[in-house]
Amino acid sequence: MSDLTSEIVHATAQHLLIVGVAMLVAIAAGIPIGIACVRNRRSGRVVLRLIDMIQTIPSLALFGFLIPLPLIGGIGIRTAIVALILYSLLPVVRNTVTGIAGVDPLIVEAATALGMTERQRLMRIELPLALPSIFGGIRIATVIAIGVATIAAAVGGGGLGTLIFRGVAMVDSTRILAGALPAAALAVAADLLFGALERLAARRLGV
Amino acid sequence: MLGKLLVSCRKAAGRTPGQPARRQRSPYNRRVASSVFIDRATVIGANGNVIVRDISLRIDPGESVAVIGRSGAGKTTLLRLLNGLATPSSGTAIIDGLPLGEPGLAERRRRIGTILQAPALFPHRTVFENVATVPRLLGWPDERIRRTSAELLDRLDMPFDRFAGRFPRSLSGGEQQRVGIARAMVAAPPLLLCDEPFSALDPIVRRDLQDAFVALRDGGDVTLLFVTHDVAEALRVARRIVLVDGGAIVADLPSADFVRSAHPLIHRFLDAARMPEAS
């Protein structure tokens, strides 16, 4: 295996690790935040606006902001993951809210009338019916995260961005492509995978 | 007033709230129809207008009562008072001597069957899973859930073997409403609330379902409140008819007297229901 190939494999693995960890946290936090936003409409709107605002910070600036912060910041993979979590939160939270709010109110009422508690209704009716929308949010978040993660190299986060930055510095388009092509391929793969899950969930619901 | 008295009597007799007075045993072995008492309830809508005003209604165990009235008269709200979907701003809804409300409202609803106009089946669940909803909440053993659901679906002309695994979207409107009926009745609730359950169906299916419904009603000890705007349907399913207009009860008669009543609104209802001469 040539040097470049092994470098690509290594960087791809690192890229996947950063995005994977960030997405796991974003999903684990985003879905409960989304549920809470639906439950408390008023404070939910504030939270959504806040998460919205994070999204508007240019990614390079966000990485920069995080560097001086203790514990979560600094140079390295940790900062990269924290930034990606912040970026991925919005699609997950927003689509959870949209999905739950979009459940037919008559179905929710039927569940209530049959004697489900709020929790039972959430777990058995609302979340399953919101699943296509939630998968859609995860799909968008993952595709964005894969792209933004290339910038993480600027703060020493590693990943495919390392190849791109080096390629830019050396004016070596082969190296840029060695980073950009796998990143694009990963994004397309994630798009297809979660898109399929989204359709599968939707088909099961007959919508 | 009387309701509060009843409650205090029960309390004096040593019954804790939230514990239904009767029915310690499983519903299929022995059950007693519910008594219902709406005590001077007023419900105010989201935009501040009064939907029902100071309404009182007593229904004895085993009675079947139809509530008729024009659209917007407050029929549905009257029914919703009895499963806690509408909360009175004053007054109470009392079932089996206990005022409806938190805590324990969800648990009590499992003993109240509700059939809505739109069957609102759970689209991600099969026919069997839909029907099994309440028994599962009640913690019945699987074998019993299966047996009881199969029995009921068979009686509703939905052979269990053919329909159990199907999803709601593959059913016709009439079939969906049959599943809705089964879902509400499978745990043999002592109180059954129906909100225009057949109004969206074609007349022949409607008739079939009314007959099936009456047979089910007669097969068990149940108190029935049936909201409809169809006088013929009211006469078919209930022995007592309550006419609601402008958020108040304006007539409350046995069905035999209802058809002879001189009340102008009743007259208009009966007139509207009469079959016209062929032109």
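Quick note, the sequences are listed as chains A and B, same order. Just so we're on the same page, our numbering is the position in the first sequence counted from 1, plus 336. Just so we're on the same page, our numbering is the position in the second sequence counted from 1, plus 40. All C-beta atoms, glycine included, are put in the ideal place defined by N, C-alpha and C.
Per-residue burial, residue i [other beta carbons within 10 Å of its own, 16 or more giving buried]
| i | result |
| --- | --- |
| residue 454(A) | exposed |
| residue 470(A) | buried |
| residue 307(B) | exposed |
| residue 431(A) | buried |
| residue 392(A) | exposed |
| residue 246(B) | buried |
| residue 156(B) | buried |
| residue 162(B) | buried |
| residue 459(A) | exposed |
| residue 452(A) | buried |
| residue 170(B) | buried |
| residue 235(B) | buried |
| residue 480(A) | buried |
| residue 142(B) | exposed |
Alpha helix (DSSP H) segment containing residue i, residue limits
| i | result |
| --- | --- |
| residue 471(A) | 463-484 |
| residue 265(B) | Per DSSP, residue 265(B) belongs to no alpha helix (DSSP H); it is in the beta strand (DSSP E), 263-267. |
| residue 213(B) | 213-225 |
| residue 403(A) | No alpha helix (DSSP H) contains residue 403(A), which DSSP labels as neither H nor E. |
| residue 497(A) | 496-505 |
| residue 209(B) | Neither: residue 209(B) is in no alpha helix (DSSP H) and is coded neither H nor E. |
| residue 175(B) | 173-177 |
| residue 393(A) | That residue, residue 393(A), is in no alpha helix (DSSP H); it is neither H nor E in DSSP. |
| residue 434(A) | 413-437 |
| residue 125(B) | Unbroken run through residue 125(B): none, as it is neither H nor E. |
| residue 299(B) | Here residue 299(B) belongs to no alpha helix (DSSP H), and DSSP marks it neither H nor E. |
| residue 370(A) | 339-375 |
| residue 510(A) | 509-541 |
| residue 307(B) | 304-313 |
| residue 187(B) | 182-195 |
| residue 457(A) | 454-457 |
| residue 491(A) | Run containing residue 491(A): none; DSSP gives neither H nor E here. |
Contact under 9 Å by Cβ, residue i with residue j
| i | j | result |
| --- | --- | --- |
| residue 265(B) | residue 305(B) | no |
| residue 134(B) | residue 281(B) | no |
| residue 175(B) | residue 226(B) | yes |
| residue 482(A) | residue 523(A) | yes |
| residue 519(A) | residue 424(A) | no |
| residue 486(A) | residue 492(A) | no |
| residue 445(A) | residue 125(B) | yes |
| residue 152(B) | residue 74(B) | yes |
| residue 78(B) | residue 145(B) | no |
| residue 10(B) | residue 303(B) | Nothing in the structure corresponds to residue 10(B), since chain B is present only between 41 and 319. |
| residue 505(A) | residue 497(A) | no |
| residue 173(B) | residue 528(A) | no |
| residue 4(B) | residue 310(B) | Since the first residue shown for chain B is 41 and the last is 319, residue 4(B) is missing from the structure and cannot be characterised. |
| residue 463(A) | residue 371(A) | yes |
| residue 413(A) | residue 350(A) | yes |
| residue 390(A) | residue 398(A) | yes |
| residue 484(A) | residue 405(A) | no |
| residue 219(B) | residue 241(B) | no |
| residue 286(B) | residue 249(B) | no |
Collapsed DSSP secondary structure at residue i in the structure displayed
| i | result |
| --- | --- |
| residue 75(B) | coil |
| residue 294(B) | strand |
| residue 279(B) | coil |
| residue 289(B) | strand |
| residue 101(B) | coil |
| residue 235(B) | strand |
| residue 96(B) | strand |
| residue 139(B) | strand |
| residue 202(B) | helix |
| residue 68(B) | Note that residue 68(B) scores a pLDDT of 43, beneath 50, so its modelled location is shaky and nothing firm can be said. |
| residue 112(B) | coil |
| residue 165(B) | coil |
| residue 449(A) | helix |
| residue 106(B) | strand |
Limits of the unbroken beta strand (DSSP E) element including residue i
| i | result |
| --- | --- |
| residue 132(B) | 130-135 |
| residue 154(B) | 152-155 |
Neighbourhood of residue i by C-beta distance below 7 Å, restricted to the same chain and skipping five residues each side
| i | result |
| --- | --- |
| residue 374(A) | 380, 433, 436, 437 |
| residue 123(B) | 149, 152, 154, 233 |
| residue 477(A) | 359, 362, 424, 427, 428 |
| residue 128(B) | 81, 82, 83, 121 |
Spatial neighbours of residue i in its chain, beta-carbon cut-off 6 Å, leaving aside the 5 residues before and after
| i | result |
| --- | --- |
| residue 80(B) | 94, 96, 131 |
| residue 69(B) | With a pLDDT of 39 at residue 69(B), under the threshold of 50, the modelled position of this residue cannot be trusted; read the value that follows with caution. Cβ neighbours of residue 69(B) beyond the five flanking positions: none. |
Other residues of its chain near residue i: CB distance less than 8 Å, five sequence neighbours each side excluded
| i | result |
| --- | --- |
| residue 111(B) | 269 |
| residue 521(A) | none |
| residue 189(B) | 168, 171, 172, 175, 200, 204, 222, 226 |
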